[in-house]
Every structure is written in structure tokens, then in C-alpha cells.
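Working notes, beginning with the structure itself.
2 protein chains.
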Amino acid sequence: MNRISDILQKEKCTSLILFTGKSSYHSSGADQVIPKMLSDLNIRYEHYSVSGEPSPDFVDKTAAAAGALSPQYILSVGGGSVIDAGKAVSAMLKADKPVKTYLEGVGTESPPGEKVPFIAVPTTSGTGSEATKNAVLSEVGKNGFKKSLRHDNYVPDYAVIDPELMLTCPVKITAPSGLDAITQLVEAYVSTKANPVTDAYVEAGLKSAGRWFDDACREGAESIEAREGMAFAAFCSGVALANAGLGVVHGIAGLVGGLYPASHGVLCGTVMGPATKLIVKKLRELGKPGLRGLKKYGQAGVFITGEDRGSDSENADNFAEKIQLWIHEFSLPGLGSFGIDAESCKYLASKAGLKNTPVELSPDEIAEILEASL
Amino acid sequence: MNRISDILQKEKCTSLILFTGKSSYHSSGADQVIPKMLSDLNIRYEHYSVSGEPSPDFVDKTAAAAGALSPQYILSVGGGSVIDAGKAVSAMLKADKPVKTYLEGVGTESPPGEKVPFIAVPTTSGTGSEATKNAVLSEVGKNGFKKSLRHDNYVPDYAVIDPELMLTCPVKITAPSGLDAITQLVEAYVSTKANPVTDAYVEAGLKSAGRWFDDACREGAESIEAREGMAFAAFCSGVALANAGLGVVHGIAGLVGGLYPASHGVLCGTVMGPATKLIVKKLRELGKPGLRGLKKYGQAGVFITGEDRGSDSENADNFAEKIQLWIHEFSLPGLGSFGIDAESCKYLASKAGLKNTPVELSPDEIAEILEASL
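Quick mapping for you: the protein sequence lines, in order, are chains A and B.
So that you can map any letter, position 161 of the first sequence is 143 in the working numbering, and since no number is skipped, the others follow by simple counting.
So that you can map any letter, position 193 of the second sequence is 175 in the working numbering, and since no number is skipped, the others follow by simple counting.
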């Protein structure tokens, strides 16, 4: 927490907009401690609470209201939604049009790239948004969507990653967040856009997640090392995805998250096991062209389970099985619990994007993943 | 090479200063190919050749002369000296005083941090200067020094890392450059300032160096994979050292390089074996407080040799032995060949800095390293 104060003093900040979360867990009381700190530093601020994933409407209204303060900084202390809200508002304070104009797949213009400087302080270990250049905004409903506002300049100016802020995060958030981070790591690893630098981040992140995920879910508040290990894994996943992109699990989660009221971490965790099983099977069937991807899933298996079964293929299966075990152990709800049935799976499969998945998947195969995730 | 042209066109560059090397190997004819490319792009340019490590005098004179062109970019295509020359000139084009004013340990002022945008294109795999925020300048002689001009803003705006440009680099440059990169990786790894992100870069870099160093030295022009592997290792070493700092080998190499006409890569390679042996011995003697460092030297041993001898201590010794073997195999000259004798070792030991070495070393112990490197 002291680091936030150090940064604000160093930057001679006199005014800012603060975003925190509204979830029932207030990690280390950030929503009370931070306002007090700002008052002590004589910083004028406005405080907004973010409830759930931010909508374009929330971003536009907040940017319009917050502009009156002419804030020098935006400070987000919270989970991925809180960070994405701050990131989007920091950009929209310097843009002329509604944020939908600039949203990928929704609007028609590129974002201008200017912004008010932005400080991200994650209190969950999941999205890695503190290291990415995009903010995910969603409008949930029949014509809903979940799309990114993206520009290289939107990477936060500062990210303060303090595991103490994560100690009180309950397992029902820790588990899906951690599985989101692991999904991002693996999808960036096997991505068609992966490179040696993103691989370095992924390998470090997977090793750390393999070592600490169980402890963070089980010991939680007792283990600062476990929180630090998962915070590092999430940060690595953010750097990796910002540069190598993602795959079909995020293609599905993005689509479903716009249409049904399901949290992103839960969706990623739930879909990941069946998706990995099918992709690994297809990589194996491909023969030589699938070896690179199979090797990476195998490596992921070794890093995540700490066990080497002797071949890439067996290690890759071991990875998929471990993910399935975790989904059951930490009771991630299936897609069925959000009202999705076999019929909707077919529709969703026809709309979901593959992103940078290393194998081709037909709509029928995507439907197979969805049905296995019900 | 096409990437350089892409960048210059994207940035609408119409004028630049080009730095290339003067060494007998002209990597892929960069000093002829690049000028032709610039002419084809209708870019006005001035071309400077850099001979050996750049001196403050060279930087000041070149900046004064080059200022007349008002270049939009500085482009360095060459080894560490060429990149550092360009990096320093790009900074001094926006500074009022001679560069010595801003040199660490020489001048008294902090560098202003403004610069002309800078593109670094390495043709050797060693310093990693394409990823660092410092330029090393030296004045060789009795009162000589080798010191850094350093500012966060001096990280190159673009680094184009193309292994094709390294194919013709002879073994007498490839071997010491590679050993410099390995030294930087290991010194950053065991540094008291290391963190999980720098560790991720180091581990990826060491794995790559362990896999490709021999091939790059032996097959050279035949193996683009080996060149790519070593280029990646050098890049990782640059990122790691820029953030975690270095240790006693660089403390010695910096001092000796200012006083004797020895290349930086040769000095690092030569001193590294004896230094590692002594540091590992001291870490072992320390007991528990030495375990973290010993573990890291052990890991380095596994990455570099590809062999796990079962304990950190044995793997660490294996690492030190492998370095010694390489020094002999690739005939790196000892310090004696530059006119250093046992008497000068004592003097040098009293002046060399430890930087972020993880153990205390007395002047006598530094002298021991130097004597073992004669």
C-alpha cells in the first residue's frame, strides 16, 4: 500500500479518480484505507464503485462526470473489472466520442490512444489486466457483447502488485481467477502468435501457478507466499496475452459472457478442461504439424502438476485432467447453471471465435466443448 | 533487414544518423546494404564508423557534428560498441553539456533523459545493449575509466534482432560475446536485486544459451537457429541486467577495461570462471543464508550443461567447470596477455566494485579471482 503513496507523491499528484469494487469481500479494506491515504496526502479525489464487469454506458457516464475534476491520475484498486473500468475511463477522458465507437467488433474507429495516466492495483490474481493494453467492456443480454477497448498506450503507467491485498480473497473468487490466469498462460503459450519472450513469461507463470494454486485456494489468508505466487502467475499471463493473444476458451468466454450473467473467471475455468482435451486430441491426430503445440501442452502439464510422465502426449493429457480435477474440487458451476442448454450450445458454437488456437475447430467441435462444459 | 525499412517508413523518417562498425567482419555487409536502403527510401543520412568502444570525446564530437542534420532518428547496426555509441549520441543531441558531465562516477549531474529516437540493430549476441538503458563509454589509459551514461528513457525505441545479421560473425567474437551474455544472465540471476520477472528472463536466456552456444561457436554461418538462440539469450541478458544489475565480474571488467586495451567480452569470459568458483565456494560456506544463491548457480548449471547432477552444490560446480572448459576451448586470452601481473592484481582488487554480488568479497579474494584469471 505504501508503494501507491510513494508513486502519488513522486508524481506530485493533487487530484485523481479512485475506482474500487463492490464485491462482498473488501480486500484488506481497500475501499476505506485508500480514501484515508488520499486525504492524508491532500489529494482531491472522487470515488466510484464498480459493480460487476463495466458497461460502455458506465464508462461514458463516469468519464463525463469525472472530467469536471480534471484528474491527474486514475487509480483502480480491485479485480479485473475494477481495473478495466479505470483503464477505459482513463482513455475516454481524452476521447471525443462514446466508447462504443472504439470497441473492437462494435464500433468503427480506432481509439485515439491518449489517456490520463493510470495506476492499476490488482486485488485478485486472474486477468493480469495490470499488464495488458485492453479493457473488456460488456453489455449483457439478448444482443449482449463483451469486447475490448485496445491500444498499446493503454498498458497501465504503474502496476502495484501487493499480495497482502489478496489475502482475504475468498476461494470462490481465488479459484476461478487462478484458472483464468492459467487459461491465459496456456492459450498464449500454444498461440500461433507466441514468441520466445512470451514463452519465457508463460513458463515462469505456469511454474508459479503449479506450485501455488492449491495453496492459494486452500490456505488463502494464511499464505502470503501462495498469494504472491498466484499474483506473479496472473501478471505473467497478462504480459503473455497482450503480446501473443489467446485461443478458443477466451473466444467462447467472451461470447457467452455477453449473453449470460456468468463471471469471466468461471467461464474460462469451466470451458478450459473440455477445450484442452479436444485440442490435445486434435494436435495428436495432426502428426508432425501438431508436435509444437503438443510439446507445449506437455510442458504445461509438467509445470502445473510437477510431474513428468515421460512423453509430451501423456503430459498434455495430464494437464487436461488436472484442470478437470480442479473444476470439480473447487465446484466451478457448469454452463447449464446459467441457462445454457444443448440447443444454445449449437448457436453459441456458430458464433464463437477461435482467436489464435493452434488447430482448426469446426462449429460442431466447438459445440462438443460447450456440451462437455454444461 | 526489411523490418528496419518498415520502421523507418512507418515513422515517416526523412533524416537519420547511421552508426556501423569498423571491425574486419562486416556482418552481412550491413555497412553497404543499409546505406543503399536509406538512399532507396530517400532518407538523408550521415554515416559514422565506430572503432572499438566509444569514448566520451567521440560521442561529444559526433553529436556536435551530427546536430547540423537535425536527424529524426539514430540507427546503430553493429556490436555493443556501435549500439552504445548511437545510444549516447542520441542522448547528447538533446543535452547541453559534455557527456562526461553525466557519466556515472565521473560527472556530477544526472542525464536529462531527452533524446533523439534510437533504433538498435545488434550484429553480435553479447551485451544485450538493444534492451538496456545504459551506454558504456570508455577512456583507456593510466587514468582510464569505463562508465555508464544511464537513464530509463535511453532504452532503444526499437530493437530489430535479426539472426541473419549474425551469421558471419567469427568465433573470436561469437565466443567472448556469448560468454558476456552468459555472465550477465548469471550475475543478474544471483543479484541481490533479482526479482521473479528478471528471473524469468534469465532462465529463458540460460536455457537458450546452454542449447546454442556451442553450435553458434562451431557451426556459425551454417546455423541460423544457433544464432537466433544466442541472440535471444543476449536480449534476455540485457533486460535482466537493466532491472536486476550485475556482479563482481562486471565490476572487474569495467575497471580493467578502462585501464587496459582488452575487449569487454574477453574480460567477462576470462574472469567469470574463477569468480564463479570462488563465489560458489563462499555461498556453500555461508550455510543457510547462501542457499538461495547456491540454488540459482545450481539451476544455471542445469540450464547451461543440460545435466542434473542431483544437488545444487554439484550443479553449481558443474556450471563453473563448464565456463572454464569453454574459456580453454575457445582460447580466450588471460589477463596476463594485456600486461596485467600479480602486482597489478592487488591494485585492481582494491579498486573493483562488487555491484550486486550475493556474497561479500574482500580485496584479497578479488585479487585471488584476478590471479586465477591471468
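Positions of the beta carbon are idealized from the N, C-alpha and C atoms, including for glycine.
When 8 Å is used as the limit between beta carbons, residue 127 of chain A is near no residue of chain B, the shortest such separation being about 31 Å. The C-beta distance from residue 208 of chain B to residue 222 of chain B rounds to 21 Å, too long to meet the 8 Å contact threshold. The beta carbon of residue 174 of chain A lies closer than 7 Å to those of 338 and 340 in the same chain, with the five residues before and after it left out. Within chain A, the residues placing a beta-carbon under 8 Å from that of residue 178 of chain B are 186, 190 and 214, ordered along the chain. Within the same chain, Cβ atoms closer than 6 Å to the Cβ of residue 186 of chain B are found at 218, the five residues on either side in sequence being excluded. Shown here for residue 252 of chain B: same chain residues with a beta carbon closer than 8 Å to its own, the five before and five after excluded, namely 309, 314, 315, 316, 317 and 355 in chain order. In this structure the region -15 to -8 of chain B touches the region 126 to 146 of chain B; the number of beta carbon pairs closer than 8 Å is three or more. Bridge partners of residue 129 of chain B according to DSSP: B/119. Within the same chain, and ignoring the five residues on either side of residue 61 of chain B in sequence, the residues whose Cβ sits closer than 8 Å to its Cβ are 3, 5, 104, 105, 106, 108, 109, 155 and 159. Scanning B/256, B/291 and B/233 for the CA closest to the CA of residue 332 of chain B turns up B/233. In the DSSP assignment, residue 185 of chain B falls within the alpha helix (DSSP H) that extends over 178 to 200. Between residue 328 of chain B and the set B/244, B/243 and B/238, the nearest pair of CA atoms involves B/238.
A residue is called buried once 16 or more other Cβ atoms fall within 10 Å of its Cβ, and residue 278 of chain B is buried on that count.
Interface residue (Cβ-Cβ distance to chain A less than 8 Å): residue 144 of chain B is not classified as such. The three-state reading of DSSP puts residue 104 of chain B in strand, counting E and B together. If you draw a 10 Å sphere on the C-beta of residue 166 of chain B, you find 16 or more other C-beta atoms in it, and that means buried.
Under a 10 Å Cβ-count criterion, residue 14 of chain A is classified as exposed, with fewer than 16 other Cβ atoms of the shown protein chains found around its own Cβ. Three or more Cβ pairs drawn from the region 32 to 46 of chain A and the region 60 to 77 of chain A lie within less than 8 Å of each other, which places the two stretches in contact.
Think of a sphere of 7 Å around the beta carbon of residue 196 of chain B: no beta carbon from chain A falls inside it, the nearest being about 19 Å out. Think of a sphere of 7 Å around the beta carbon of residue 102 of chain B: no beta carbon from chain A falls inside it, the nearest being about 16 Å out. In this structure, DSSP gives residue -3 of chain B an extended state, which the three-state scheme calls strand.
When the five nearest sequence neighbours on each side are left out, the beta carbons in the same chain lying within less than 7 Å of the beta carbon of residue 128 of chain A are those of 118, 120, 236, 239 and 240, in order along the chain.
Contact with chain A is absent for residue 171 of chain B, since none of that chain's Cβ atoms lies less than 8 Å from the residue's Cβ.
For the C-beta of residue 181 of chain B, the chain A residues within less than 8 Å are, from N- to C-terminus, 186. Residue 188 of chain B is classed as buried because its beta carbon has at least 16 other beta carbons within 10 Å across all chains shown. According to DSSP, residue pairing for residue 3 of chain B in a beta bridge involves B/32. Spanning the alpha carbons of residue 282 of chain A and residue 126 of chain B requires a straight line of approximately 51 Å.
Using a Cβ-Cβ distance cut-off of 8 Å, the region 244 to 263 of chain B and the region 301 to 308 of chain B are in contact, since at least three pairs of beta carbons, one from each stretch, lie closer than that value. Secondary structure note for residue 272 of chain A: it is in no alpha helix (DSSP H), with a DSSP letter that is neither H nor E. Residue B/31 holds the alpha-carbon nearest to the alpha-carbon of residue 63 of chain B among B/-3, B/31 and B/17. Rounded to whole angstroms, the gap between the alpha carbons of residue 36 of chain A and residue 247 of chain A is 15 Å. Cβ neighbours of residue 94 of chain B within its own chain (closer than 6 Å, five residues either side excluded): 77. Taken through DSSP and simplified to helix, strand or coil, residue 57 of chain B comes out as strand.
The criterion of a C-beta distance shorter than 8 Å is not satisfied by residue 51 of chain A and residue 29 of chain A. Rounded to the nearest whole angstrom, the C-alpha separation of residue 180 of chain B and residue 171 of chain B is 7 Å.
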